[in-house]
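Peer 1: Numbering (the numbering used here), first residue to last: 1 to 541. Virtual Cβ for every residue (Gly too), placed ideally from N, Cα, C. As the structure is a prediction and not an experimental result, all values here were calculated from the model. Let me give you the structure first, and then I'll get to my questions.
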């Protein structure tokens, strides 16, 4: 469930006096208080605000559209945030939680201000915290409501499937805390509403991809149930809220893997265990890894089918496309090398040795890129997941479901909607196995890790092979095949693995230096395999 960490003190809140209702917060005096006193600090505390590393120059209520409801008025506001490095816009639905209406602390935790209307006191808060909000959204979707607003309309577009979803009179409302870029609410264990916080004009990949997969009959992703969108008079606009089927699950695959590895480490840390015991311990996880490979290949097979919609019609990569893949990978590698050269000290001798090994071999590595990229000529460019890792997989009753088709939220929509090689998704999952094992190892004391470091390395290798074997089994039978040659598949997989690990290195160097050792080790292992040499740290081990 959603929560605020106990260490986060609640801020002092200004009080706004309302004469007629919620719309009064858009009047000049109240708006000034919100824009100058409340919003800059408020945004920095929100997990969905992406620019925490930048200075907020100003934050404005760019628009506020009143949505009348049976039990709660809502303002769908759009925040325009001027930053030191540019401008971003965010969706913030506002509502009022009156004192005594709920026992939940969440409306206060997400409040921007206190409000008073006559004798009533309450909080102006993110409507995400108010149960009447998601229930009202679902009612509006079922009715196909259209609300006239300044410059256009807010349109509720239900999927035909929504009519078949039955909810009790007073459904349970739960909120998820795991997401960073969006906010999700589960209603009655049947529907999940996702608030698309970052406002970007154009077709949202999450909505577009889910609609396509639902219509194509792909069984292992949530079904699209509806969308709330702002459509301006000129036809432009953006998605605001997406409703999808809630899949009953036992959690995401990242946490499932962490739990599995914790038990594995506890068992394998005993001195009398050998490699046969490892195989027994990992047999259950191997089945899971194969399921992920099968479902990802099933997904790619759907995207590879001929389609009349240009946005989903597969295309053959030509020389220019293949060269661009190589140029992108080389540019990302160069950024990683530059980032490494700027680091003056590392957290361990192993990290320093791996960094030195990577830089010593950077020219030979870059020389490999053109041949890897050339293998892409003639392969299919299709829509892909675009941000695939263990956190994008739900574990559910012996199967897996693939979720979150929005792509990398920080990238522009045209990049997130672009066609690419399906092998990018494969590389993302392979790197996620390595990350999962590394994070599990990081949680162990050195005395335990000494006995489990080698088994964890074998875990990554073995589970990667299990995943790839099941992926290939489906891909090789698909019609059409997106990569018809095994050698081309291996070359593209290595190209995108290098690009991915180089991206990870840049990200960790900038955001989580304590985790930098993870991509450093992975990078060194990949280079050693490709160049047929052994990094010094592996020789020492």
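Using C-beta distances below 7 Å, list every residue in its chain close to residue 366, excluding the 5 sequence neighbours before and after it, in chain order.
Peer 2: Counting from 1 along the chain shown, the entry for residue 366 is found at position 366. Contacts found: 330 and 333.
Peer 1: Given a cut-off of 7 Å, decide if residue 156 and residue 132 are closer than it, judged by their beta-carbon atoms.
Peer 2: By 1-based counting over the chain shown, the position of residue 132 is 132. By 1-based counting over the chain shown, the position of residue 156 is 156. Not a contact, by the Cβ cut-off of 7 Å.
Peer 1: Hey, how far is the Cα of residue 13 from the Cα of residue 40?
Peer 2: Translated into positions along the chain shown, residue 13 becomes position 13. Translated into positions along the chain shown, residue 40 becomes position 40. Cα to Cα, residue 13 sits roughly 13 Å from residue 40.
Peer 1: Per DSSP, what are the beta-bridge partners of residue 153 in this structure?
Peer 2: Along the chain shown, one-based indexing puts residue 153 at 153. Note: residue 153 sits in a beta bridge opposite 148 and 231.
Peer 1: Going by DSSP, what residue range makes up the alpha helix (DSSP H) through residue 500?
Peer 2: For the purposes of this step, residue 500 is taken as residue 500 along the chain shown, with counting starting at 1. That run of the alpha helix (DSSP H) goes 486–511.
Peer 1: With respect to the alpha helix (DSSP H) encompassing residue 327, which residues constitute its N-terminal and C-terminal limits?
Peer 2: Position 327 of the chain shown, counted from the first residue, corresponds to residue 327. From DSSP, the alpha helix (DSSP H) with residue 327 extends over 319–341.
Peer 1: Helix, strand or coil: how does DSSP classify residue 244 here?
Peer 2: In the chain shown, counting from the first residue as 1, residue 244 sits at position 244. Residue 244: strand per DSSP, three-state reduction.
Peer 1: Taking the alpha-carbon of residue 327 as reference, which of 376, 300 and 353 has the nearest alpha-carbon?
Peer 2: Within the chain shown, residue 327 is the residue found at index 327, counting from 1. Residue 376 is the option with its Cα nearest to residue 327.
Peer 1: Can you give the beta carbon distance from residue 76 to residue 240, rounded, assuming they're within the 8 Å contact cut?
Peer 2: Position 76 of the chain shown holds residue 76. Position 240 of the chain shown holds residue 240. Contact flag correct, Cβ pair sits at about 7 Å.
Peer 1: For residue 218, does the three-state DSSP call read helix, strand or coil?
Peer 2: On the chain shown, position 218 is the one that residue 218 refers to. Residue state, collapsed to three classes: coil.
Peer 1: Kindly indicate which residue of 72, 503, 514 and 66 has the alpha-carbon position closest to the one of residue 335.
Peer 2: In the chain shown, the residue the question calls residue 335 occupies position 335. When each option's Cα is compared against that of residue 335, the closest is 503.
Peer 1: CB residue 417 to CB residue 312, shorter than 7 Å?
Peer 2: Mapped onto the chain shown, residue 417 falls at position 417. Mapped onto the chain shown, residue 312 falls at position 312. Not a contact, by the Cβ cut-off of 7 Å.
Peer 1: Counting Cβ pairs, one atom from each stretch, are 3 or more of them under 8 Å apart for the stretch 398–408 and the stretch 490–502?
Peer 2: As far as the Cβ criterion goes, the stretch 398–408 does not touch the stretch 490–502, which means the pair count is below three.
Peer 1: Under the rule that 16 or more other beta-carbon atoms within 10 Å means buried, what is residue 532, buried or exposed?
Peer 2: Within the chain shown, numbered from 1, the residue matching residue 532 stands at position 532. With fewer than 16 Cβ atoms within 10 Å of its Cβ, residue 532 is classed as exposed.
Peer 1: How big is the Cα-Cα spacing for residue 426 and residue 317?
Peer 2: Within the chain shown, numbered from 1, the residue matching residue 426 stands at position 426. Within the chain shown, numbered from 1, the residue matching residue 317 stands at position 317. Distance between the alpha carbons of residue 426 and residue 317 is about 18 Å.
Peer 1: Roughly how many angstroms separate the alpha carbons of residue 153 and residue 67, rounded to a whole number?
Peer 2: Residue mapping note: residue 153 aligns to position 153 of the chain shown, counting from 1. Residue mapping note: residue 67 aligns to position 67 of the chain shown, counting from 1. So the two alpha carbons sit approximately 11 Å from each other.
Peer 1: Classify residue 499 as buried or exposed, calling it buried when 16 or more other Cβ atoms lie within 10 Å of its own Cβ.
Peer 2: Along the chain shown, read from residue 1 onward, the residue named residue 499 stands at position 499. By the 10 Å Cβ count, residue 499 comes out buried.
Peer 1: In the DSSP output, what is residue 82 paired with across the bridge?
Peer 2: Position 82 of the chain shown, counting from 1, holds the residue named residue 82. Residue 82 is bridged to 58 and 87.
Peer 1: Taking DSSP as the reference, what is the three-state secondary structure of residue 402?
Peer 2: One-based indexing of the chain shown puts residue 402 at position 402. In this structure, residue 402 counts as strand in the three-state DSSP scheme.
Peer 1: Considering only residues of the same chain and omitting the five flanking positions on each side of residue 362, which have a CB-CB separation below 6 Å?
Peer 2: To locate residue 362, count along the chain shown from 1; it is residue 362. Excluding sequence neighbours, residue 362 sits near 337.
Peer 1: How about residue 256: is its Cβ closer than 6 Å to a heavy atom in the ligand ATP?
Peer 2: The model on display carries no ligand, and the ligand ATP is accordingly not part of it.
Peer 1: Indicate the three-state DSSP secondary structure (helix, strand or coil) for residue 63 in the structure shown.
Peer 2: The residue you call residue 63 lines up with position 63 of the chain shown. It is a strand residue.
Peer 1: Nearest to residue 351 by alpha carbon, out of 523, 299 and 174?
Peer 2: Here residue 351 corresponds to residue number 351 of the chain shown, with the count starting at 1. It is 523 whose Cα lies nearest to the Cα of residue 351.
Peer 1: Secondary structure at residue 165, three-state DSSP: helix, strand or coil?
Peer 2: Taking the chain shown and counting its residues from 1, one reaches residue 165 at position 165. Here residue 165 sits in coil by DSSP.
Peer 1: Less than 8 Å between the CB atoms is what I'm expecting for residue 463 and residue 285, so what's the real figure, rounded?
Peer 2: Residue 463 sits at position 463 when you count from the first residue of the chain shown. Residue 285 sits at position 285 when you count from the first residue of the chain shown. Residue 463 to residue 285, Cβ: 6 Å. Contact.
Peer 1: Starting from the Cα of residue 281, find the closest Cα among 265, 294, 291 and 292 and give me that residue.
Peer 2: Your numbering for residue 281 matches position 281 in the chain shown. With distances taken between Cα atoms, residue 281 lies closest to 265.
Peer 1: Just the C-alpha distance for residue 56 and residue 78, rounded to the nearest angstrom, thanks.
Peer 2: What you label residue 56 is simply residue 56 of the chain shown in a count that begins at 1. What you label residue 78 is simply residue 78 of the chain shown in a count that begins at 1. Approximately 16 Å between the Cα atoms of the pair.
Peer 1: Count the other C-beta atoms from every protein chain shown that fall within 10 angstroms of the C-beta of residue 223, then say buried if there are 16 or more, exposed otherwise.
Peer 2: Counted from its first residue, the chain shown places residue 223 at position 223. Counting Cβ neighbours within 10 Å, residue 223 comes out buried, since at least 16 surround it.
Peer 1: Between residue 149 and residue 234, is the Cβ-Cβ spacing less than 7 Å?
Peer 2: In the chain shown, residue 149 corresponds to position 149, counting from 1. In the chain shown, residue 234 corresponds to position 234, counting from 1. No, they are not a contact pair.
Peer 1: Give me, in chain order, the residues of the same chain whose beta-carbon lies closer than 6 Å to that of residue 541; leave out the 5 immediate sequence neighbours on both sides.
Peer 2: Numbered from its first residue, the chain shown carries residue 541 at position 541. Bear in mind that the predicted position of residue 541 carries a pLDDT of just 44, short of 50, making it too unreliable to give a figure here.
Peer 1: For residue 253 versus residue 509, is the C-beta distance shorter than 7 Å?
Peer 2: By 1-based counting over the chain shown, the position of residue 253 is 253. By 1-based counting over the chain shown, the position of residue 509 is 509. Not a contact, by the Cβ cut-off of 7 Å.
Peer 1: Go through its chain and collect everything with a Cβ distance to residue 488's Cβ below 6 Å, but skip five positions before and after it.
Peer 2: Position 488 of the chain shown, counted from the start, is the residue given in the question as residue 488. Within the same chain, residue 488 has close Cβ partners 375.
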